Every structure is written in structure tokens, then in C-alpha cells.
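Enquirer: The following block contains the structure, expressed as C-alpha cells.
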Amino acid sequence: MRYKNEAEIMQALGIDSWRNLSRDKMIRFAAMMPDMDTEVALKIVEQFPVFKDFAKDAVDAMEKAHQSTLSANKQSQKHVHRAFREIREILKGELSKDDLSWEEKKFLIEQIQETGRLEFQKDSENKKFLDAALRKVMVGAGAAIGLAVVFVGGKLIAESKDGSEEDPDA
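Per our numbering, the very first residue in the sequence shown carries number 3; after that it's consecutive.
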């Protein structure tokens, strides 16, 4: 659908005034911009001096959430590695006993090896988690930055149109 005026856009967003444009609806508005006549979109965006601030706040919020996730993940990883280290210490203590049969020693050595494999597996899972978390933040930040670019680009286009109308020789 091609939006030709503000009323159509407000109706699509389910608002009766631009003052009712929530953050969620502002994101929907930005997504609808390619389907708007350029002049209508610019006219609407000019009414939102806080649009750039919204995009910046969105990036900041994503950064805080990402840092919080990383911090919680770091603590969890410390606990996992400490637990594996403690298990290996216990197994080594058992292994140092003199009265163990070959089968008992073999079993303890296998358990030490298993903790190493499990710890490596946990580390690999953690790296995949961190990669996925970083990708989500990058996508979100890219979207917010894209909104800001649309806003700033729209203002620049509007300003250049205003300038060309004032001075036809320019």
C-alpha cells in the first residue's frame, strides 16, 4: 500500500494524533516509511524532534541489556569452571590413594578426562551463545541506527529542497 497523506498513516498505526505515537508504533512508522510519499514522510518526521533521541535511546537500551547478559553469563561460566576444577581436585585426591586397584585408577582417570571434555563442550556452547547474543545486538543497533539515518537523511533532503527553492541559481 502506498500512503499518500498523514491521515492514512495515522489510521494504519491506529492513532488519532502524533502525540499518541508510542515507541513501538514509532518503529512501525519507520518500517512504513518506504511506502510513504517522500514529502508526507518528511512532513511527519519534522514533527518529531525526539526521533533521533529515540534511536539513540534504543541503541543504549540494547547495549545495557547486552552488558547485563554478558555479566550474568560470565558469572555462570565462572561457576561452571570452578565446579569442574573442584571435581577434578576430588578425583585427583582419590587417585593419589595407594590402595586403589588398576580398575579404580582407570575409572578415576576416565572421570578426569570426562570433566575436561564436558568443560570444553560448555566453553564451546558459551562461545556460540556469545556469538548469537552479539548478532542480536548488532541487528537491533543496526535497525535503530537505520531509523536515525532515515530521520537525518529526511531532514537533509528537506533542507536541500528548501535551499534549492530559495536560491534557484544554486
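By construction, the Cβ of each residue, glycine as well, lies at the ideal position given by its N, Cα and C atoms.
Here the structure is a predicted model, which means the values were calculated and not measured.
List the DSSP bridge partners of methionine 38.
Expert: Paired residue(s): Tyr5.
Enquirer: Could you give the DSSP three-state label for glutamate 48: helix, strand or coil?
Expert: Three-state DSSP puts glutamate 48 in coil, outside helix and strand.
Enquirer: Taking only three categories from DSSP, how would you classify lysine 99?
Expert: In the structure shown, lysine 99 sits in coil (DSSP, three-state: anything other than H, G, I, E or B).
Enquirer: State buried or exposed for phenylalanine 122, treating a residue as buried only when at least 16 other CB atoms are found within 10 Å of its CB.
Expert: Phenylalanine 122 is exposed by the Cβ-count criterion.
Enquirer: Tell me, to the nearest whole angstrom, how far the beta carbon of methionine 34 is from that of tyrosine 5; I am working on the premise that it is less than 8 Å.
Expert: The Cβ separation is near 7 Å, so the contact holds.
Enquirer: State the DSSP-derived secondary structure class of leucine 23, mapped to helix, strand or coil.
Expert: Three-state DSSP puts leucine 23 in coil, outside helix and strand.
Enquirer: Suppose the cutoff is 6 Å on Cβ atoms and the five residues either side in sequence are ignored; what does the same chain contact list for histidine 81 look like?
Expert: Result list for histidine 81: empty, nothing under 6 Å.
Enquirer: Use the C-beta contact count for leucine 120: other C-beta atoms within 10 angstroms, 16 or more gives buried, fewer gives exposed.
Expert: Per the 10 Å Cβ criterion, exposed.
Enquirer: In chain order, what residues of the same chain lie with their CB nearer than 6 Å to the CB of leucine 110, ignoring the 5 residues before and after it?
Expert: Taken in chain order, the residues that qualify are Leu93, Glu96, Leu97.
Enquirer: Taking 7 Å as the threshold (C-beta atoms), are phenylalanine 86 and threonine 40 in contact?
Expert: In this structure, phenylalanine 86 does not lie closer than 7 Å to threonine 40 by Cβ.
Enquirer: Are three or more beta carbon pairs between the region 62 to 79 and the region 41 to 51 nearer than 8 Å?
Expert: Touching, no, given that fewer than three Cβ pairs across the two stretches are closer than 8 Å.
Enquirer: Taking all protein chains shown into account, decide if alanine 9 is buried (16 or more other Cβ within 10 angstroms of its Cβ) or exposed.
Expert: Exposed is the call here.
Enquirer: Have a look at tryptophan 20 and serine 70 and give me their C-alpha separation to the nearest angstrom.
Expert: Straight-line Cα distance between these residues: approximately 34 Å.
Enquirer: Go ahead and label methionine 38 buried or exposed: buried means 16 or more other beta carbons lie within 10 angstroms of its beta carbon, across all protein chains shown.
Expert: Buried: at least 16 other Cβ atoms inside 10 Å.
Enquirer: Starting from the C-beta of histidine 83, find all residues in its chain whose C-beta is less than 7 Å away, skip the five residues before and the five after it, and write them out in chain order.
Expert: Same-chain partners within the cutoff: Glu121.
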